[in-house]
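Start counting the sequence shown at 17; every next residue gets the next number (the numbering used here).
C-beta atoms are modelled at their ideal positions from N, C-alpha and C, and glycine is treated no differently.
So the structure is just underneath, and the comments pick up after that.
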Amino acid sequence: MSIQNMRDKSEGLVAKIIVFMIIIVFALFGMGSITTFLAPVPKVATVNGTDITQQEMELAVERNRRMMLAQEMSLDDIDEDMLRQNVLKDLINRALLIDAAEELGLGFSDAALDDEIRATPAFQLDGVFDPGQFQLVIGSAGFSPLLYRQEMRRDKTFQQLGAAISATAFYTEGEVLKSSSLAQQTRDIAYLRIDTETLIDDIEVSEEEVDLYYNSNTNLYMTEESVELSFVEIKRDDLLGEIDVSDDALMVFYEDTKAIYAEDERRQVAHILIEVNDEVSQEEALGTIQEVYEKLQSGGNFAELAKQYSQDPGSAEVGGDLGYNGAGTFVAEFEEVSNNLELNQLSEPVLTEFGYHLIKLLGVELAQTPDFLDIKDTLEKSYRESEAEEIFVNRSARLSELAYESADLFELSEELGLEIKQTGKVDRSTNEGIAANARVLDAAFSSDVLLDRVNSDLIEINPNHHVVVRVEAHQPREVRPLVDVSADIQNALVEEKSAQLAREQSAEIVDLLNTGSITRFVADKFGLEWVVVGQAGRNQLGLDREIVVEAFSLPRPAEGSKTVGSAILADGDAVVLSVTNVTNKPKTGMAETELTSLARVLAVQQGTHDYFEFRETLGEDGSIDTVN
17 MSIQNMRDKS EGLVAKIIVF MIIIVFALFG MGSITTFLAP VPKVATVNGT
67 DITQQEMELA VERNRRMMLA QEMSLDDIDE DMLRQNVLKD LINRALLIDA
117 AEELGLGFSD AALDDEIRAT PAFQLDGVFD PGQFQLVIGS AGFSPLLYRQ
167 EMRRDKTFQQ LGAAISATAF YTEGEVLKSS SLAQQTRDIA YLRIDTETLI
217 DDIEVSEEEV DLYYNSNTNL YMTEESVELS FVEIKRDDLL GEIDVSDDAL
267 MVFYEDTKAI YAEDERRQVA HILIEVNDEV SQEEALGTIQ EVYEKLQSGG
317 NFAELAKQYS QDPGSAEVGG DLGYNGAGTF VAEFEEVSNN LELNQLSEPV
367 LTEFGYHLIK LLGVELAQTP DFLDIKDTLE KSYRESEAEE IFVNRSARLS
417 ELAYESADLF ELSEELGLEI KQTGKVDRST NEGIAANARV LDAAFSSDVL
467 LDRVNSDLIE INPNHHVVVR VEAHQPREVR PLVDVSADIQ NALVEEKSAQ
517 LAREQSAEIV DLLNTGSITR FVADKFGLEW VVVGQAGRNQ LGLDREIVVE
567 AFSLPRPAEG SKTVGSAILA DGDAVVLSVT NVTNKPKTGM AETELTSLAR
617 VLAVQQGTHD YFEFRETLGE DGSIDTVN
């Protein structure tokens, strides 16, 4: 077991994680959620008798939300319902896969896991595993070492499961040759393209048609509902300039807060770990650690013996050095002994849940409080922010009261000295100014603010920016006048009619060709020109994908004959095409290496397909109950 796991189990880190989670919950759901979070956790689903808790769900949602935000998405861009649905589906699939892996006896050992962690480039500095870098990287992704190892162990087990299923797929030499032959098949293609643009001049649209289309499709020509808003806002940062800072006030602030800036005592310890696990008994581990202890008592070098014996991958390579750490970093037994060591003193063997340790104190950094002058600039900044925060909270509270009590924004403006501002026209798709915030739009179009013309409640743009809005003008959604959209309708009808005419011509041409008409005469009749592409492949460059798909969907033509088909292109143009010759690459003559490589690719494709089918089967056969 590595030292990362040991640190995870420590009381100090557990306490920090609890505090961190409370902060996340408060930020996401508000003060009331704290009691909920600390209450007995309900379940969101049960998979084969195993509960998926609401806490697991929320943590997974938060990790996924973080990843989405890291990809430069905004909170307003995230579909929370879809996010939660996908997360729950993933958690259910993972639970099913865990059960399947356990039934097959699959797993990933601690030693193998440590090897993977050490070999991960992201956890290395100058090509060497670095414990600090490991902690930094996983921490930024929202993982503790314990949780990361747990997730990594599961992922590696899933990989084993996928590999076990995928490995059963194989292709015979005959199947590989046939697949290769079909994949490299070529076809001689000729096609006519009926350009809808060339048909426009022959198309007429009457006023009656425009009227009929307009009356039948009024939903396509509705204006957006819009409002014009007035608003007042309060920003914490705008208050910073109002704060007067005297040396006396700053000194008082220093005395009140200096504990925050104090650095606790930190101890640098090194250790040698002999694990107790399924393969090594406690007695065997004790015998080994006693052997090492005797070597140290006889003058052995601690760092060298740590490299030779220690089973902590995070510290063994650096002589067992765990660096400087504060209180609460290690498990209780380990920390109690290390705290009572004198400088350079070696402990006797210490038993923890991970095995036996020998601990040596390498250094001590005493607790110290910085002088006032050393942190004066920092203190002044913190003081201003603290005072501004208090003013901001009080004014926001008063703003909220006045928003409810006042008939308009003038009283708010006068009492709090706030400017009344205007947004101009705003609709539900507006993404500028305060209207870029979904909460503002929700409030603006709510029934009480919109219809009753009352002030909105206090709206949080962000934790340091609050607004109150009021609707000054409202433009309901309505059908645009025919005169405004007549040209658009005419264009739509022309496009529709030209596309229909192109389809009719293509069908007529196909009928003519299938009844024996000469291709050249057919082209001349419609004023078109054949385009010939010889030996076209399935990935032919320069051809519309629709033409290629249709050409390779047509039956192989008889000797000296052709097969005919049609397709509609992405731009609405129609094509008629014929295939006159089909050539397969010979099924023999492939080099052995080429044959082996292709067989491997095909097997991987089939194995992947088999794996996904296996996952679907797990879902069908498993017992899954979700809580609505």
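Check, Outcome
"Quick one: what does DSSP say Phe145 is sitting in, helix, strand or coil?", "strand"
"DSSP on Asp693, reduced to helix/strand/coil?", "Beyond the ends of the chain as shown, which are 17 and 644, falls residue 693; an answer cannot be given."
"Counting only the same chain and skipping the five closest in sequence on each side, list residues whose C-beta sits under 8 angstroms from that of Gly638.", "Val63, Asn64, Leu112 and Asp115"
"To the nearest angstrom, how far is the alpha carbon of Leu634 from that of Arg79?", "26 angstroms"
"Within 10 angstroms of the Cβ of Pro329, are there 16 or more other Cβ atoms? Answer buried if so, exposed if not.", "buried"
"Assuming Ile640 and Ala61 form a contact by the criterion Cβ under 8 angstroms, report the distance between their Cβ atoms to the nearest whole angstrom.", "7 angstroms"
"Starting from Val261 and walking both ways along the alpha helix (DSSP H), at which residues does that stretch end?", "Val261 -> no alpha helix (DSSP H), and no H or E assigned at all."
"What residues in its chain sit with their C-beta under 7 angstroms from that of Gln327, if we drop five residues either side in the sequence?", "Leu289, Ile290 and Glu291"
"Following the continuous alpha helix (DSSP H) through Lys323, name the residue where it begins and the one where it ends.", "Phe318 to Tyr325"
"Going by beta carbon distance, what residues of the same chain come within less than 6 angstroms of Asn471, once the five residues before and after it are set aside?", "Ala419, Val484 and Arg486"
"Buried or exposed: which applies to Ser445, given that a residue is buried once 16 or more other Cβ atoms fall within 10 Å of its Cβ?", "exposed"
"Mapping the DSSP letters down to three states, classify Thr394 as helix, strand or coil.", "helix"
"Where Gln284 and Leu122 are concerned, what is the direct C-alpha to C-alpha distance, given to the nearest angstrom?", "39 angstroms"
"Exposed or buried, which one is Leu85 when buried takes at least 16 other CB atoms within 10 Å?", "exposed"
"Just to confirm, is the Cβ distance from Ala404 to Ile259 under 8 angstroms?", "yes"
"Just the Cα atoms here: how many angstroms apart are Arg455 and His482?", "11 angstroms"
"What is the DSSP secondary structure of Ser463, reduced to helix, strand or coil?", "helix"
"Any idea what DSSP makes of Phe408, helix, strand or coil?", "helix"
"Please list, in chain order, all residues of the same chain as Leu44 whose beta carbon is under 6 angstroms from its beta carbon, the five residues on each side excluded.", "Summary for Leu44: the model assigns pLDDT 34, below 50, so the residue's position carries little reliability, and this model does not support an answer."
"Note the first and the last residue of the continuous alpha helix (DSSP H) segment covering Asn231.", "Glu223 to Ser232"
"Over what stretch of residues does the alpha helix (DSSP H) that includes Gln516 continue unbroken?", "Leu498 to Asn530"
"Measure the C-alpha to C-alpha separation of Lys441 and Phe247 and round it to an integer number of angstroms.", "13 angstroms"
"Using DSSP bridges, identify the partner residues of Asp641.", "Thr62"
"Note down, in chain order, each residue of its chain lying with its Cβ closer than 8 angstroms to the Cβ of Ala265, except the 5 sequence neighbours on either side.", "Tyr399"
"Going by other Cβ atoms of all chains shown within 10 Å of its Cβ, with 16 needed for buried, is Pro56 buried or exposed?", "No answer about Pro56 holds up, because its pLDDT of 49 lies below 50 and its placement is not dependable."
"Excluding five sequence neighbours on each side, which residues of the same chain lie with their C-beta closer than 6 angstroms to the C-beta of Ile584?", "Ala590"
"Please state whether DSSP places Asn480 in a helix, a strand or coil.", "coil"
"When the Cα of Glu358 is compared with those of Ala343, Gly449 and Ile375, which residue comes out closest?", "Ile375"
"Would you kindly work out how many angstroms separate the C-alpha atoms of Phe370 and Arg165, rounded to a whole number?", "15 angstroms"
"What span of residues does the beta strand (DSSP E) with Arg203 cover, start to end?", "Thr202 to Ile210"
"For Glu249, which residues does DSSP report across the bridge?", "Val483"
"Taking the C-alpha atoms as reference points, what is the distance between Met37 and Leu75?", "Only weak support exists for where Met37 lies, its pLDDT of 36 falling under 50; the coordinates are left without a value."
"By DSSP, does Asp67 sit in helix, in strand, or in coil?", "strand"
"Candidates Gly257, Arg519, Ala539 and Glu299: which alpha carbon is nearest Glu401's?", "Gly257"
"Taking the continuous alpha helix (DSSP H) assigned at Ile305, which residues delimit it?", "Gln298 to Gln313"
"Is the beta carbon of Lys274 closer than 8 angstroms to that of Thr385?", "yes"
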